[in-house]
Amino acid sequence: MNPKSFEYHAPKSVAEASSLAEEYGMDAKFLAGGQSLIPLMKLRLLSPSHLIDLGRIPGLSYIRDEGNHLAIGAMERIAEIARSDLVRKQCPILSQCAHQIADPLVRNMGTIGGNLSHADPTNDMPAVMVAAGASIVAASGQGSRVIPAGDFFVDTFTTALKGTEILVEVKMPIGPTRRGAYLKLERQAGDFGIVGVAAVLEMSSDGRCVAAGIALTGVGPTVVKATRAGEILKGVELDKNTIDRASRAAAEEAQPSGDLRGSAEYKRAMVEVMTSRTIQAAARRQAER
Numbered sequence: 002m003n004p005k006s007f008e009y010h011a012p013k014s015v016a017e018a019s020s021l022a023e024e025y026g027m028d029a030k031f032l033a034g035g036q037s038l039i040p041l042m043k044l045r046l047l048s049p050s051h052l053i054d055l056g057r058i059p060g061l062s063y064i065r066d067e068g069n070h071l072a073i074g075a076m077e078r079i080a081e082i083a084r085s086d087l088v089r090k091q092c093p094i095l096s097q098c099a100h101q102i103a104d105p106l107v108r109n110m111g112t113i114g115g116n117l118s119h120a121d122p123t124n125d126m127p128a129v130m131v132a133a134g135a136s137i138v139a140a141s142g143q144g145s146r147v148i149p150a151g152d153f154f155v156d157t158f159t160t161a162l163k164g165t166e167i168l169v170e171v172k173m174p175i176g177p178t179r180r181g182a183y184l185k186l187e188r189q190a191g192d193f194g195i196v197g198v199a200a201v202l203e204m205s206s207d208g209r210c211v212a213a214g215i216a217l218t219g220v221g222p223t224v225v226k227a228t229r230a231g232e233i234l235k236g237v238e239l240d241k242n243t244i245d246r247a248s249r250a251a252a253e254e255a256q257p258s259g260d261l262r263g264s265a266e267y268k269r270a271m272v273e274v275m276t277s278r279t280i281q282a283a284a285r286r287q288a289e290r
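For the sequence shown, this note's numbering assigns the number 2 to the initial residue and increments by one for each residue that follows.
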């Protein structure tokens, strides 16, 4: 099936794109990599009358080390993030996650901004953003603002972006004591995860966990921050008992619904298993540093 007819716009600036969005309102959609939007348009589940292509706006594709964080432009391709030596060195969890997204075709076309703005509750990247305490920069013709990742994902396919705002940058915290891991349970490689878990740990020199961020995907209307699980890890050594307690807490914090991928009970059980594995994987990275 082909999409319904639409008018194509190729703005040359964020301000122009924002102005077009204000002019056409609910009849317009922003186009980034198109890996989520175009399939929905082909199925006619979405039929915008106006498509605003962000790909012609200069200066939205980059990866920069800015000291305490990596700055990543919204139009940076997932494949470039996966291949980046800078990301692999400074933020391994982001590299690991990017490699697990869909297949090479989708990674070559899809962008980090489009991925996050789509806010699919089974997407991989939102869990990494929330666990790491990333920040999202949104801009429009009226200026810009910074949104904590934990506040950005509001509901299923819904973000904190206002009507004319565009996600322009992701700020990913980095540091010598931070390490993380992202693991997901999937039916086959490249599939949407049944359950995904991101864990980011900050460790002290004596082997104690100073802070921990745990986030879950696929088990709620949007990404779930497992706050209690993170608190259990804080200030202690990561022994088996502590990891088991945190994993059980994460399972209790999950909000799964049954579907073709599994029952709610199965998903909750898998959250406990995958959280344990992910924390252990993140801790091993700390030990290897």
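Ideal placement from N, C-alpha and C gives every residue a C-beta, glycine not left out.
Within 8 angstroms, strictly: CB atoms of residue i and residue j
i: residue 73; j: residue 173; result: yes
i: residue 194; j: residue 240; result: no
i: residue 112; j: residue 198; result: no
i: residue 39; j: residue 92; result: no
i: residue 314; j: residue 244; result: Outside the shown range of the chain, which is 2 to 290, sits residue 314, and nothing can be said about it.
i: residue 178; j: residue 120; result: no
i: residue 230; j: residue 266; result: no
i: residue 16; j: residue 115; result: no
i: residue 196; j: residue 275; result: yes
i: residue 215; j: residue 31; result: no
i: residue 182; j: residue 286; result: yes
i: residue 227; j: residue 212; result: no
i: residue 58; j: residue 127; result: no
i: residue 50; j: residue 42; result: no
i: residue 122; j: residue 222; result: yes
i: residue 29; j: residue 55; result: no
Per-residue DSSP class, three states only, for residue i
i: residue 159; result: strand
i: residue 220; result: coil
i: residue 209; result: strand
i: residue 58; result: coil
i: residue 233; result: helix
i: residue 182; result: strand
i: residue 102; result: coil
i: residue 238; result: strand
i: residue 214; result: strand
i: residue 26; result: helix
Of the residues the options, the one placed nearest residue i, counting alpha carbons only
i: residue 164; options: 2, 11, 20, 6; result: 20
i: residue 157; options: 63, 16, 218; result: 218
i: residue 162; options: 138, 175, 177, 220; result: 138
i: residue 98; options: 14, 223, 141, 82; result: 82
i: residue 94; options: 202, 122, 257; result: 202
i: residue 96; options: 85, 189, 196; result: 85
i: residue 1; options: 3, 57, 77, 58; result: The question about residue 1 has no answer here: the residues shown for the chain are numbered 2 through 290.
i: residue 232; options: 221, 220, 248; result: 248
i: residue 46; options: 150, 5, 9, 10; result: 5
i: residue 246; options: 272, 262, 222, 54; result: 272
i: residue 100; options: 75, 33, 190; result: 190
i: residue 283; options: 25, 227, 184; result: 184
i: residue 36; options: 209, 61, 107; result: 107
i: residue 155; options: 118, 147, 270; result: 118
i: residue 3; options: 44, 24, 12, 14; result: 44
i: residue 109; options: 186, 53, 33; result: 33
i: residue 238; options: 269, 208, 252; result: 208
i: residue 63; options: 75, 48, 9; result: 75
i: residue 170; options: 147, 14, 264; result: 147
i: residue 52; options: 10, 258, 87, 27; result: 10
Boundaries of the alpha helix (DSSP H) in which residue i is found, first to last residue
i: residue 108; result: 105-110
i: residue 65; result: From DSSP, residue 65 is part of no alpha helix (DSSP H) but of the beta strand (DSSP E) over 64-66.
i: residue 243; result: 241-254
i: residue 81; result: 79-84
i: residue 42; result: 38-43
i: residue 47; result: Taken as a continuous stretch (DSSP letters only), residue 47 belongs to no alpha helix (DSSP H), as it is neither H nor E.
i: residue 116; result: 113-119
First and last residue of the uninterrupted beta strand (DSSP E) at residue i
i: residue 32; result: 29-32
i: residue 11; result: Residue 11 -> no beta strand (DSSP E), and no H or E assigned at all.
i: residue 72; result: 70-74
i: residue 197; result: 196-204
Any non-hydrogen atom of the ligand PLP within 7 angstroms of residue i CB
i: residue 140; result: In terms of ligand content, the structure shown is empty, and the ligand PLP therefore cannot be addressed.
Quiz prompt | Uninterrupted alpha helix (DSSP H) stretches inside the region 127-178 (no shorter than 4 residues) | solution = 150-153
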